[in-house]
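Enquirer: Here you go, one structure.
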Amino acid sequence: MAQLWGGRFTKETDQRVFEFNASLRFDKRLLHQDIEGSIAHVVMLAKQGILTVEEKDSIVKGLTGIERDVEEGTLEIDPSCEDVHSFVESVLIERIGDAGKKMHTGRSRNDQVALDMRLYTREQVAATDALLKELLRVLLDTMEENLETYMPGFTHLQKAQPITLAHHYGAYFEMFKRDRGRLKDLFYRMNYCPLGAGALAGTTYDLDRSYTASLLGFEGPTLNSIDSVADRDYLIEFLSALATIMMHLSRFSEEIILWNSNEYQFVELDDAYSTGSSIMPQKKNPDIAELVRGKTGRVYGALVSLLTTMKGLPLAYNKDMQEDKEVAFDAMDTVRDCLTLFAGMLRTMRFRKDRMEKSAMKGFTNATDAADYLVGRGVPFRDAHSIIGKLVLYCIEKDTSIEELSLEELQAVSDKFGPDLYDAVSLKTCVEKRLTAGGPGPGAMRKVIALYRKYLEEKDLTEMA
Ligand code: ARG
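Each residue of the sequence shown is one higher than the one before, starting from -3 at the first, in my numbering.
The following block contains the structure:
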């Protein structure tokens, strides 16, 4: 297949150079965006009188035919082409002749690839947003059903205070909600069209860049032609948002793995979302959660890789930037799969509420409430803290818990204890009274859940793109 740039060369490209340089193997996934961008470009060229309407029609027909034939499998992507742009242009010329040779008027592969990648990324941003929204739906459904499912809350992985499953899931709801916010922010920032920047310095043709931008659903054209072909920060921002999503998924995975362990037994993963061992017949392993945790590394890798690729590049385009694609595509695919599988795993996971509640009752998760009880009886908090500390020590020695002590035993430590202590430190009271905005008390949680429901009804990026 002919190259796009043979004119000033007198020798054939070395085969190994060709292979090293070529990007078709991975940029063929931009075929649709390449064709979409080329159509907008020639429609604009015709409007400006740079191409005739007949030429434009012939090119558009040729391009749509190429896309259709590739999709239907009647046209193979020729591996002897350097990249997807060369492939499309050479097939077009082969099919429609001279009009095809005019498609690239007023354009460079530099602004072409900048556009293709931006179009592809924009779709991926919206698709990731939709997957996050689906995950949030799973979380919210579980929250609504578990306002009074008690479990221990931890700090330092030590039992701290009792919470509910709804409250714990609510923490992840907030994280993934912020992740969506990041996507929305970067979507608006990146939604400008680089086409028309040419190689780096625009062109002498009378292009209508605003028109091209509007045809492609952009806010407008980018405002500096050098930056337009040199910028990959929108992709770095997206990879950073993807890395943050993975960090959140990974923390959640770690908890699922713990909860699913023999020691915790808070949850049971569905058979369809776990795997067995080839040697130990009793095993049911949380592989999906482990893989999500593991794949976090490669998404971080993509971010660091692109940051490093870009850090020393002089303006404007450099071939180094071709390295953005493989890592970015891999990160996008990975996050898509992780979000999809993770949501499915959560949806089908069973909670062992009895075990969670029992665990919440052990480990003195009500010690703060016992101290607060004494505060209510006029004991200064610091003294109350010390009294309950002694009581806890006494309980540890006797292998019992605060609520199991007799009133006599309690009063031996402080005469402020009365029979109403038992209710004050019950799991139900400990949780129900925590009505601070953002706290676990069902009264507080209900208000937050109502806000979350409304939030999920808002338009998402797929509806706005
Ligand atoms: N495959 C190239 C890339 O992904 C396309 C742009 C090539 N431009 C050039 N002047 N060689 O960056």
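Using N, Cα and C, we set each Cβ at its ideal position, and we do this for glycine too. All values derive from a computational prediction rather than experimental measurement.
Check the C-beta distance from Met147 over to Met341 and give it rounded, since I have them as a contact under 8 Å.
Expert: Actually they do not touch by this definition, with Cβ atoms about 19 Å apart.
Enquirer: Kindly examine the ligand ARG and report whether one of its heavy atoms sits closer than 7 Å to the Cβ of Met99.
Expert: Every heavy atom of the ligand ARG is 7 Å or more from the Cβ of Met99, so no.
Enquirer: Along the alpha helix (DSSP H) that carries Ser293, what are the first and last residues, could you check?
Expert: In the sequence on display, residue 293 carries Gly and not Ser. Segment Asp283 to Met306, the alpha helix (DSSP H) holding Gly293.
Enquirer: Could you give the first and the last residue of the continuous beta strand (DSSP E) run that contains Lys155?
Expert: Looking at the DSSP string, the run of the beta strand (DSSP E) that includes Lys155 is Gln154 to Thr160.
Enquirer: Is it true that the CB of Ile253 sits closer than 8 Å to the CB of Pro217?
Expert: Contact: no.
Enquirer: Could you tell me if the beta carbon of Met306 falls within a distance shorter than 7 Å of some heavy atom in the ligand ARG?
Expert: No; taking the cut-off as 7 Å, the Cβ of Met306 has no heavy atom of the ligand ARG nearer than that.
Enquirer: Exposed or buried, what is Gly290 when buried is set at 16 or more other beta-carbons lying within 10 Å of its beta-carbon?
Expert: Gly290 comes out exposed.
Enquirer: Compute the beta-carbon to beta-carbon distance between Ala110 and Val225, rounded to the nearest angstrom, for a pair I have assumed lies under 8 Å.
Expert: Confirmed, about 5 Å.
Enquirer: Quick one: is the Cβ of Arg247 within less than 7 Å of any heavy atom of the ligand ARG?
Expert: For the ligand ARG, not one heavy atom lies less than 7 Å from the Cβ of Arg247.
Enquirer: Quick one: grab the DSSP three-state call for Thr330.
Expert: In the structure shown, Thr330 sits in a helix (DSSP, three-state: H, G or I).
Enquirer: Indicate, with yes or no, if the ligand ARG has a heavy atom lying under 7 Å from the CB of Tyr313.
Expert: Yes, since a heavy atom of the ligand ARG falls inside the 7 Å radius drawn around the Cβ of Tyr313.
Enquirer: If I measure Cβ to Cβ from Ser221 and keep anything under 7 Å in the same chain, skipping five residues before and after, which residues do I get?
Expert: Ala193, Gly194, Leu196, Ala197 and Gly198.
Enquirer: Just to confirm my understanding: we take Gly437, look at its own chain, exclude 5 residues before and 5 after, and list those with CB closer than 8 Å. What are they?
Expert: Val427, Glu428, Lys429, Arg430 and Leu431.
Enquirer: Just confirm the distance between the C-beta atoms of Ile398 and Ala356, as a whole number of angstroms; I'd bet it's less than 8 Å.
Expert: Contact flag wrong, Cβ pair sits at about 14 Å.
Enquirer: Please report the straight-line C-alpha distance between Val331 and Thr145, rounded to a whole angstrom.
Expert: So the two alpha carbons sit approximately 30 Å from each other.
Enquirer: What residue does the beta strand (DSSP E) around Phe150 start on, and which one ends it?
Expert: Here the beta strand (DSSP E) through Phe150 covers Tyr146 to Thr151.
Enquirer: Quick check on DSSP: helix, strand or coil for Glu453?
Expert: Glu453 falls in the helix class under three-state DSSP.
Enquirer: Three or more beta-carbon pairs under 8 Å between the segment 86 to 102 and the segment 54 to 74, yes or no?
Expert: Touching, per the Cβ criterion.
Enquirer: Cβ-heavy atom distance between Val300 and the ligand ARG below 7 Å?
Expert: The answer is no for Val300.
Enquirer: Take Glu32 and list the residues in its own chain whose beta-carbon comes closer than 8 Å to its own, dropping the five residues that flank it on each side.
Expert: Contacts found: Leu115 and Leu212.
Enquirer: Report back the beta-carbon spacing between Val87 and Leu27 to the nearest angstrom; my notes put them in contact at under 8 Å.
Expert: That belief does not hold up - the Cβ atoms of Val87 and Leu27 are roughly 11 Å apart, past 8 Å.
Enquirer: Okay, do the segment 266 to 273 and the segment 311 to 318 touch, 3+ Cβ pairs below 8 Å being the bar?
Expert: No: the two stretches stay apart, fewer than three of their Cβ pairs being nearer than 8 Å.
Enquirer: Measure the alpha-carbon distance for Ala446 versus Leu452 and round it to whole angstroms.
Expert: About 10 Å.
Enquirer: Since I believe Asp107 is in contact with Leu219 (beta carbons under 8 Å), could you give me their beta-carbon distance rounded to a whole number of angstroms?
Expert: Not confirmed; about 14 Å, so no contact.
Enquirer: Can you say whether Pro158 is buried or exposed, counting buried as having 16 or more other CB atoms within 10 angstroms of its CB?
Expert: Buried, by the Cβ-count rule.
Enquirer: Would you identify the three-state DSSP class for Pro438, choosing helix, strand or coil?
Expert: DSSP places Pro438 in helix when its eight states are reduced to three.
Enquirer: Would the beta-carbon of Met186 fall within 8 Å of that of Arg294?
Expert: Not in contact: Met186 and Arg294 (Cβ atoms no closer than 8 Å).
Enquirer: Between Leu0 and Glu85, what straight-line distance do the alpha-carbon atoms span, to the nearest angstrom?
Expert: Cα to Cα, the separation comes out at about 9 Å.
Enquirer: Given the structure, does Arg105 come close to the ligand ARG, in the sense that its CB is under 7 Å from one of the ligand's heavy atoms?
Expert: Flag set: Cβ of Arg105 near the ligand ARG.
Enquirer: Confirm the yes/no value for this check: CB of Lys321, any heavy atom of the ligand ARG, distance under 7 Å.
Expert: Yes; taking the cut-off as 7 Å, the Cβ of Lys321 has a heavy atom of the ligand ARG nearer than that.
Enquirer: Can you tell me whether Arg346 is buried or exposed, with buried defined as 16 or more other CB within 10 angstroms of its CB?
Expert: Under this definition Arg346 is an exposed residue.
Enquirer: Can you list, in chain order, the residues of its chain with a C-beta nearer than 7 Å to that of Glu140? Leave out the 5 residues immediately preceding and following it.
Expert: Result list for Glu140: Ile445, in chain order.
Enquirer: If the criterion is Cβ atoms closer than 8 Å, does the pair Phe172 and Leu132 meet it?
Expert: In this structure, Leu132 lies closer than 8 Å to Phe172 by Cβ.
Enquirer: Indicate the three-state DSSP secondary structure (helix, strand or coil) for Val371 in the structure shown.
Expert: Val371 falls in the helix class under three-state DSSP.
Enquirer: How would you write the range of the alpha helix (DSSP H) that Gly33 sits in, first residue to last?
Expert: First-last of the alpha helix (DSSP H) with Gly33: Leu27 to Lys43.
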